[in-house]
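Below you'll find the structure, written out as structure tokens, and then a few comments.
Protein chains: 4
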Amino acid sequence: MLQGYFPPLSPSGKSGLVSAPPWHYAGDALGIRFRADPDAAAATLPPGLAVDPDSPGGATALFMDWQFSSEDQTYLDPVSQYREFLLLVDATWQGTPVSWCPYIYVDNDASLARGWVQGFPKKMGTIHQTRSFPVATPAAPPLGPGGTFAAAASTHGVRIAEGRVTLAAPVADPAALVGRPLVNRRYFPRLAAGRHQEPAVDELVRADLHDLQVVNAWAGSAEFSLPDAPGNETSALAPISVDAGFKATITYSVQDLTTLVDLTTDLSTDRTTEPS
Amino acid sequence: MLQGYFPPLSPSGKSGLVSAPPWHYAGDALGIRFRADPDAAAATLPPGLAVDPDSPGGATALFMDWQFSSEDQTYLDPVSQYREFLLLVDATWQGTPVSWCPYIYVDNDASLARGWVQGFPKKMGTIHQTRSFPVATPAAPPLGPGGTFAAAASTHGVRIAEGRVTLAAPVADPAALVGRPLVNRRYFPRLAAGRHQEPAVDELVRADLHDLQVVNAWAGSAEFSLPDAPGNETSALAPISVDAGFKATITYSVQDLTTLVDLTTDLSTDRTTEPS
Amino acid sequence: MLQGYFPPLSPSGKSGLVSAPPWHYAGDALGIRFRADPDAAAATLPPGLAVDPDSPGGATALFMDWQFSSEDQTYLDPVSQYREFLLLVDATWQGTPVSWCPYIYVDNDASLARGWVQGFPKKMGTIHQTRSFPVATPAAPPLGPGGTFAAAASTHGVRIAEGRVTLAAPVADPAALVGRPLVNRRYFPRLAAGRHQEPAVDELVRADLHDLQVVNAWAGSAEFSLPDAPGNETSALAPISVDAGFKATITYSVQDLTTLVDLTTDLSTDRTTEPS
Amino acid sequence: MLQGYFPPLSPSGKSGLVSAPPWHYAGDALGIRFRADPDAAAATLPPGLAVDPDSPGGATALFMDWQFSSEDQTYLDPVSQYREFLLLVDATWQGTPVSWCPYIYVDNDASLARGWVQGFPKKMGTIHQTRSFPVATPAAPPLGPGGTFAAAASTHGVRIAEGRVTLAAPVADPAALVGRPLVNRRYFPRLAAGRHQEPAVDELVRADLHDLQVVNAWAGSAEFSLPDAPGNETSALAPISVDAGFKATITYSVQDLTTLVDLTTDLSTDRTTEPS
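Rendered as structure tokens:
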């Protein structure tokens, strides 16, 4: 009897690329709030999500330095450290403000797989961000007023995002930085003849982040760009304006998720985008 | 309306990690036929597959230098070159000899995704093999008698396989090198609470390789090892004996596949291994 | 007594990043002849080299898929396969036409070290080129008329070069593709206080390529670009015009080199560029 | 006139793999004090260094998560974050206790070059260590009693080191963790015929670390191993016993260094190891 949560299933279950939840995350975030072309942002939304009338084109870029742990202290595995870049677009689900992730890049295969299981459309990339250290040094910015942090993301040798944040003041309500519920689309295609456009799995889900903590949160001014990159449509969301940036440490756990709608059977949405 | 075959679906459909078939492959293979412990090999089989009574423990290791192309000339994309290592175990499906792939590693995210869609349980790895060149040089072995080729695979910084083949003679029937039909297991888990062991997709499928050609095939003696590697059970299939090695160039196309059994609903197999 | 040719020197001498020559190379080349801005090309020349009056701005881009071997059959080491991108500028040394390499990128640390020892100013990069296979397949171009090959190079996540060649006809004189002697600058700086601009090693050398063979050489039309990339001045050599492209397999050996002038002591050149 | 400190020298000087000092470093260290076979440790010493009679076989392993900055705020460059693993052996120089680095691995080409300029015999590797975060989370250990941190290093797909430290108590004198002066060997070979064993540069130097600060230092129990790895002699220093581990944040600057002896001319040392 084969064991495991994700392929390869194996005799002991230890070979799987991903073990079953709970999945625990801690990471340093460099975030940038910006406004994309509202039509371009709307064009990324899946069936069931609508443009947020209070924030058309509103979006967040996140560069993350993550550490992951599944079972007891698996953060001791050297595969646990990885980096990520993602875009989140403001949207609504049945009138409720939510975030939608159209594009996300990561440098770790287990994270790629956990992403797909959760409905994050991950591709591989390389991501870096400036770090701070608990000591004054010309090698790092202070985590405080005037500290400037940069980040960049590339995929397959092409730069896709660059950001820079200069801290000004602590964030009064850190949890609000990641306050919107996250709606993802779990999607797994068929390969059977004639059914390539009939996915085996296609559902909108709500990510349930447990024990979410946001600490050491500072905000300030920001710069951000999304250069053209073949095979990626990130640049369609290039900022019209950049509102602000922040730096914070984030931790949460994932146990499961909630299906909002099964798009393989739901006729009301018809796999087309709901009018905004 | 979002377009695409694999996430991220996008306005133009050009962002997807993988485009829809046809998928065309050409690659240099270094292969090794060996015999694993029959019980260890049997323990990797999914429900529905049985030990091949004519080849208990029979297995093939393949190191591949691939080039991929989807639509017209996408081999011009620098992402098209990648490398792979896989193990194939001899088995039977309803009495017919087939190959089963318990473990496979690749250095390219698009190949990872195409693998999962086809039911290959891919993880990321780094793979290298010796090349030959169409000129006599001390920098490369000849593709002919006495030419020695080596290959190695690692995953996350740990060596998982090493092989070496010394060519002796051309292969009389090259197509027989990859003659068994390939049976894979398409598997995509659920994340909903209480259903982590009820996959959304779990089916045995037969890979349909079109226009398969095997050329420049040479066979000879071989060495092969599968060292211990934490988080991987490849070493359970470490060779008891090594039969022979080969080098060949392989090309084929994938358009679709054939589902043999849906393991999420088929009660007869009950998701346990069929007795051999 | 420590052994070895390059650090780390070690008790057995097997730890060194690079072993002593001879060094044997075989590789697939995708090459593009182009013309850069003559002033920009001249600005890359070291003291002692002058603009070639018969080819001002003349340059060659080379994308290489290499295999290396030092002693007996070290091509069996998986570290032996690597990829490279370089630019060569037409110049003269004491009136003799030569090639000068202002910029070169490689994906392998041993090659980086061998490069520096020879005077190639290597940095790390990622490089890919389309391959051909000895069989007709939609996954690869033919090595013949109409076959189109692409190549790309990046460094630290930023694209620095893209090329494309469509083959038309065999090359009548393949050796002429790499016919100019190569002049490099061996350079190793000091770190002692006040002497940062007084290199410990600074000499012009002539690379001596033994047993040079160029086979399977085809020429045709080409496209080439050198996009802007921060921290790299490759784009200053962006093509004004592209003459032609070629594909070939190259093999040669390196045993040593010849010093043309020691720039740390030669007063006549005075470390300034010779007038052209 | 070409500009720069390290190749490629270029018209603007911005292409060089490394810019001139000052070089500023800040990093998280996971360190392990252990005892190697005294003869094996002695065998790694260069001419001029002797076994420390008070610490025969005494050694330190360091896994580092670094951030580098050269000029004003170059920590904003995404190339500034990198990781390193090194071994330091206790030795004496003219009776003074010093540290000697026989082997060191890093994942960044600029760091490789700065290393060679300083006399660190760097090769490329992949290195990871567990991180702590300023918040209680199952995804990370606390930086305090009972917190367990792991680290691993590999080179070219083969694991070379694994360590684990469980913190017990703050370190009373953090600066003592890196208290010994560091002696390196700057070495750059010749390639001229017949002179491969007559390096162009071969000198013992003392690294001068300015503004060294060691903060957040905790010590505890440790495990450490140096597995066999072909082409590397690290395993010859495998621990006979492991004394203790520590975790700390380190920052310092490098401006220059001091030459202790020029081994290309110094006849007294004769390039053989001084008797201990």
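Taken in order, these protein sequences are the chains called X, D, F and C. The first sequence: position 193 = 271 (the numbering used here), numbered continuously. The second sequence: position 235 = 313 (the numbering used here), numbered continuously. The third sequence: position 226 = 304 (the numbering used here), numbered continuously. The fourth sequence: position 41 = 119 (the numbering used here), numbered continuously. C-beta atoms are modelled at their ideal positions from N, C-alpha and C, and glycine is treated no differently.
ask   = Which of the three DSSP states, helix, strand or coil, is assigned to R268(C)?
value = Under the three-state reduction of DSSP, R268(C) is assigned to coil, being neither helix nor strand.
query = With distances taken between CB atoms, is the gap from D286(D) to T327(D) smaller than 9 Å?
reply = Result no, Cβ atoms of D286(D) and T327(D) do not sit closer than 9 Å.
query = With distances taken between CB atoms, is the gap from G241(X) to L108(X) smaller than 9 Å?
reply = L108(X) sits close to G241(X), with the two beta carbons spaced by under 9 Å.
query = Under 9 Å between the Cβ atoms of A300(X) and I238(X)?
reply = No. Outside cutoff.
inquiry  = For A270(D) and Q159(F), what's the separation of their Cα atoms in angstroms?
reply    = Rounded to whole angstroms, A270(D) and Q159(F) show a C-alpha spacing of 45 Å.
query = What does V56(C) touch in chain F if you count any residue whose Cβ is under 7 Å from its own?
reply = With chain C running from 79 to 354 in the structure shown, residue 56(C) is simply not present.
message = Which residues of the segment 144-174 of chain F have a Cβ closer than 9 Å to any Cβ of chain C? Give them in chain order.
response = Flagged, chain order: D155, P156, V157.
request  = With 9 Å as the threshold, decide whether the Cβ of Y183(X) is near any Cβ in chain C.
outcome  = For Y183(X), no Cβ of chain C is located within less than 9 Å of the residue's own Cβ.
message = Taking 9 Å as the threshold (beta carbon to beta carbon), is A230(X) in contact with chain F?
response = Contact with chain F is found for A230(X), since one of that chain's Cβ atoms lies less than 9 Å from the residue's Cβ.
task = Rounded to whole angstroms, what's the CA-CA distance from S24(D) to F163(X)? Just pull it up for me.
result = The shown model of chain D, from 79 to 354, leaves out residue 24(D), and the question about it has no answer.
request  = Would you please state the rounded distance, in angstroms, between the beta carbons of V293(C) and P212(X)? I believe it to be under 8 Å.
outcome  = Indeed, because the Cβ distance is near 6 Å, the residues count as touching under 8 Å.
key: Within 9 Å, strictly: CB atoms of L255(D) and V176(D)   = With respect to V176(D), L255(D) sits apart: the two C-beta atoms are not nearer than 9 Å.
ask   = List, in order along the chain, the chain X residues whose C-beta lies closer than 7 Å to that of V293(C)?
value = Near V293(C) (Cβ distances below 7 Å), the residues of chain X are P212, V213.
ask   = What are the boundary residues of the beta strand (DSSP E) that includes A114(F)?
value = Counting along the chain, the beta strand (DSSP E) containing A114(F) begins and ends at 101-114.
key: Segment contact flag, the segment 203-221 of chain F with the segment 86-96 of chain C, C-beta cutoff 8 Å, min 3 pairs   = Taking a cut-off of 8 Å for Cβ pairs, the segment 203-221 of chain F and the segment 86-96 of chain C do not touch, as fewer than three such pairs fall below it.
key: Buried versus exposed, by CB contacts within 10 Å (16 or more), P86(C)   = By the 10 Å Cβ count, P86(C) comes out buried.
ask   = Does the beta carbon of E311(D) sit closer than 9 Å to a beta carbon anywhere in chain X?
value = Nearest CB-CB separation between E311(D) and chain X: below the 9 Å threshold.
query = Within 10 angstroms of its Cβ, does R263(X) collect 16 or more other Cβ (buried), or is it exposed?
reply = Buried.
message = Is there a C-beta anywhere in chain D that falls below 9 Å from the one on D289(F)?
response = Cβ-Cβ to chain D under 9 Å: yes for D289(F).
message = If I measure Cβ to Cβ from T351(X) and keep anything under 7 Å in the same chain, skipping five residues before and after, which residues do I get?
response = A caution first: T351(X) carries a pLDDT of 41, below 50, which makes its placement in the model unreliable, though a value can still be read off. Taken in chain order, the residues that qualify are L123, P125.
ask   = Is T244(F) near T226(F), with beta carbons less than 9 Å apart?
value = Yes, Cβ-Cβ distance for T244(F) and T226(F) is below 9 Å.
request  = Round the Cβ separation of S313(X) and F112(X) to the nearest angstrom and send it over; I've been treating them as touching at under 8 Å.
outcome  = That pair is no contact at about 13 Å.
task = Put R349(D) into one of helix, strand or coil per three-state DSSP.
result = Note that R349(D) has pLDDT 48, beneath the 50 cutoff, so the model's placement of it is unreliable and no number is given.
inquiry  = For a minimum of 3 consecutive residues, which ranges assigned as the beta strand (DSSP E) are wholly contained in the segment 218-274 of chain D?
reply    = Restricted to the segment 218-274 of chain D, the beta strand (DSSP E) segments that are unbroken, complete and at least 3 residues in length are 226-233, 236-248, 260-266, listed in chain order.
8 Å Cβ cut-off: residues of chain F touching T204(X) = Within 8 Å Cβ-Cβ: G235.
key: Selected residue, minimal CA-CA separation from A316(X), among L166(X), D130(X), S148(X), L80(X)   = Closest option to A316(X), Cα to Cα, is L166(X).
request  = Compare the C-beta of S331(X) against all C-beta atoms of chain C and say whether one is closer than 9 Å.
outcome  = Yes, because at least one Cβ of chain C sits closer than 9 Å to the Cβ of S331(X).
key: Opposing strand residues paired with T337(F) [DSSP bridges]   = V283(F), per the DSSP bridge assignment.
ask   = Is the distance from the Cβ of V184(X) to the Cβ of G197(X) below 9 Å?
value = No. Outside cutoff.
message = Please tell me whether A137(F) has its Cβ less than 9 Å away from any Cβ of chain C.
response = Residue-level contact by beta carbon fails for A137(F) and chain C, as no gap is shorter than 9 Å.
request  = Compute the beta-carbon to beta-carbon distance between L338(D) and V283(D), rounded to the nearest angstrom, for a pair I have assumed lies under 8 Å.
outcome  = Indeed, because the Cβ distance is near 6 Å, the residues count as touching under 8 Å.
query = Is it right to say H234(X) is buried, meaning 16 or more other beta carbons lie within 10 angstroms of its own, or is it exposed?
reply = Sixteen is the threshold: when 16 or more other Cβ atoms of the shown chains lie within 10 Å of the Cβ of H234(X), as they do, the residue is buried.
ask   = For the segment 101-121 of chain D, which residues have a CB atom closer than 7 Å to at least one CB atom of chain F, in sequence order?
value = For the segment 101-121 of chain D, which is checked against every Cβ of chain F, the residues closer than 7 Å are H102, Y103, A104.
query = With distances taken from CA atoms, which of L341(D), P131(D), G222(D) is nearest E281(D)?
reply = Measuring from the Cα of E281(D), the nearest candidate turns out to be L341(D).
ask   = At a CB-CB cut-off below 9 Å, which residues of chain X make contact with Q196(D)?
value = In chain order: L269.
query = To the nearest angstrom, how far is it from the Cα of T174(C) to the Cα of P99(C)?
reply = If I take the Cα positions, the gap works out to 27 Å.
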